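Under our numbering, residues 29 to 411 are what the sequence shown spells out, in order.
Beta carbons are placed, not taken as given, at the ideal position from N, Cα and C, and that holds for glycine.
Please read these numbers as outputs of a predicted model, since none were measured by experiment.
Comments concern the structure below.
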Amino acid sequence: MQGWKAPTKRQAAAIATGLCFFLILVAGGFCLRTENDTLTAAQKRLFAVAEVTDVLADNAQLEDWSEGLRLGSQTLELEILSGPYQGEILEGINYLSAYANVDCKLGTRVIVRLDLDDNGDPYVVSIPNYDRGGVLAGMVAAFALLLVVIGGKKGVMALLGLAYTLAGIWFLLIPMVLQGFDPVWSAVLIAALTAVASLLMLTGFSRKTLCAGLGCVCGVAAAGLFAWVVGQITPISGFNMSEAEDLVLRAYDSPLSIRGLLISGILIASLGAVMDVAMSISSSCHELRTVEPNITPVQLFRSGMNIGKDAMGTMANTLILAFAGASFNVLLLFQVYGYPLIQIINSDAMAIELIQSVAGSVGIILTVPLVSLLSSLLFPKKV
Numbered sequence: 029m030q031g032w033k034a035p036t037k038r039q040a041a042a043i044a045t046g047l048c049f050f051l052i053l054v055a056g057g058f059c060l061r062t063e064n065d066t067l068t069a070a071q072k073r074l075f076a077v078a079e080v081t082d083v084l085a086d087n088a089q090l091e092d093w094s095e096g097l098r099l100g101s102q103t104l105e106l107e108i109l110s111g112p113y114q115g116e117i118l119e120g121i122n123y124l125s126a127y128a129n130v131d132c133k134l135g136t137r138v139i140v141r142l143d144l145d146d147n148g149d150p151y152v153v154s155i156p157n158y159d160r161g162g163v164l165a166g167m168v169a170a171f172a173l174l175l176v177v178i179g180g181k182k183g184v185m186a187l188l189g190l191a192y193t194l195a196g197i198w199f200l201l202i203p204m205v206l207q208g209f210d211p212v213w214s215a216v217l218i219a220a221l222t223a224v225a226s227l228l229m230l231t232g233f234s235r236k237t238l239c240a241g242l243g244c245v246c247g248v249a250a251a252g253l254f255a256w257v258v259g260q261i262t263p264i265s266g267f268n269m270s271e272a273e274d275l276v277l278r279a280y281d282s283p284l285s286i287r288g289l290l291i292s293g294i295l296i297a298s299l300g301a302v303m304d305v306a307m308s309i310s311s312s313c314h315e316l317r318t319v320e321p322n323i324t325p326v327q328l329f330r331s332g333m334n335i336g337k338d339a340m341g342t343m344a345n346t347l348i349l350a351f352a353g354a355s356f357n358v359l360l361l362f363q364v365y366g367y368p369l370i371q372i373i374n375s376d377a378m379a380i381e382l383i384q385s386v387a388g389s390v391g392i393i394l395t396v397p398l399v400s401l402l403s404s405l406l407f408p409k410k411v
């Protein structure tokens, strides 16, 4: 066919590899799928999107302590917009508290929980949330558009890599953990798979990708190993996490291993930052070799270390501040209750946050010399 060009060997290899990674995801998700005829309590609940067509009564009022939130109750007329009862007009009472505050007006779209009365007719049990689906979808679309417009082809590949990573966590890692696979080794496997897939999508087959991939996997593994060693010495485990009790109670009939969840969470949390540092150093060293073909391996290693030191500081700060932000409310409570410093430092919550922050940062720090060394050895000297 005129105008059609056959793909090069590298392009064909990239396409074949992409298909292999996609098949791994599909096959893994299919094999890990579980058939359960018994519905959980959450699955038995019926939720639907609804729109407020009338406010029949409203006794909610502002309170001095609620910072602008109205507290009380509303009687609403709602049109169901989704599900088996789409088009039904129902009445419901909306209770407004400081912690569950869906303040409705005419035209407000909300999520309602439905149930059936003795006659089989639907009624509104509660109004737990606003309908945020459209806004969140628009936010994600804006992010994707900016990434593609500014990043071009690289942006598209980065978007595909991100989607693959999220799919790997949801369809592979979580089902593996729920079916009793060791959480730590499962996280290592998925981290390696998604890191390699993301980097290949972004930069294709090259020594630059190889250096970044190896450095990323080793850096993430180092973060997990460091956290495991500290956890053994302390000691601390997944049972110290605030969600452990719920997981034990709600997954009592599954072979879920709680003990390794803390380490696996650290591995996944540190993956992005470690991948960023690994690719930054590998790409910079590759450019240095291209611009200065006669640079020696020792000079290239030193350059990679100098580049990595800057990235190391900012990425470590990013990771630690991310964990600190996630535990900000806990830090506030420590201040409010006036806990002594000795109790704050030795509490389970603070110990877990510190281990997560420092272990991820250790992974970043060790990635720098490793990727620098790999780049100095694998990037050929051009003569």
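For aspartate 146, which three-state DSSP category applies?
The three-state secondary structure of aspartate 146, taken from DSSP, is coil.
Which of helix, strand or coil does DSSP assign to glycine 46?
The DSSP-derived three-state label of glycine 46 is helix.
Threonine 123: first and last residue of the uninterrupted beta strand (DSSP E) it sits in:
Note that residue 123 is tyrosine in the sequence shown here, rather than threonine. 117-124 is the extent of the beta strand (DSSP E) around tyrosine 123.
Can you tell me the Cβ-Cβ gap for valine 212 and isoleucine 291, rounded? I've got them flagged as a contact below 8 Å.
5 Å
Identify the continuous beta strand (DSSP E) that holds aspartate 82 and give its terminal residues.
74-86
Between which two residues does the beta strand (DSSP E) carrying threonine 395 extend?
Where threonine 395 is concerned, there is no enclosing beta strand (DSSP E), although the alpha helix (DSSP H) it sits in stretches over 376-406.
With 16 as the cutoff for other CB atoms within 10 Å, does glutamine 102 come out buried or exposed?
With 16 or more other Cβ atoms within 10 Å, it is buried.
Tell me whether tyrosine 151 is buried or exposed, calling it buried when 16 or more other Cβ atoms sit within 10 Å of its Cβ.
Burial call: exposed.
For asparagine 87, I'd like the list of residues in its chain whose CB is within less than 7 Å of its CB, leaving aside the five on either flank, ordered along the chain.
Closer than 7 Å at Cβ, skipping near neighbours: Gly100, Ser101.
Tell me the rounded alpha-carbon separation between isoleucine 121 and glycine 115.
It is roughly 19 Å from the alpha-carbon of isoleucine 121 to the alpha-carbon of glycine 115.
Judging by CA-CA distance, which residue of Met269, Ser285, Arg141 is the nearest neighbour of alanine 379?
Met269
Only counting runs of 3 or more residues, tell me where the beta strand (DSSP E) segments fall wholly within the region 147-195, in order along the chain.
150-158
Run through DSSP, which three-state label would methionine 29 get?
With a pLDDT of 45 at methionine 29, under the threshold of 50, the modelled position of this residue cannot be trusted, and the question is left open.
Whole angstroms is fine: what's the gap from isoleucine 202's alpha carbon to glutamate 91's?
43 Å
Could you say which of Met167, Ala225, Leu175 lies nearest to threonine 193 if we only look at CA atoms?
Ala225
On the premise that glutamate 107 lies in contact with glutamate 79, defined as a C-beta separation below 8 Å, what is that separation, rounded to the nearest angstrom?
5 Å
Since leucine 221 and glycine 196 should fall inside the 8 Å C-beta cutoff, what is the C-beta to C-beta distance between them, to a whole number of angstroms?
6 Å
For cysteine 244, does the count of other Cβ atoms within 10 angstroms reach 16, so buried, or fall short, so exposed?
buried
DSSP-derived helix/strand/coil call for glutamine 114:
coil
In chain order, which alpha helix (DSSP H) runs of at least 4 residues are fully inside the region 204-278?
211-231, 235-261, 272-278
Give every residue of the same chain whose Cβ lies closer than 7 Å to the Cβ of leucine 394, excluding the five residues on either side of it in the sequence, and list them in chain order.
Apart from sequence neighbours up to five positions away, the residues of its chain that approach leucine 394 with a beta-carbon distance below 7 Å are Gly247, Ala250, ordered along the chain.
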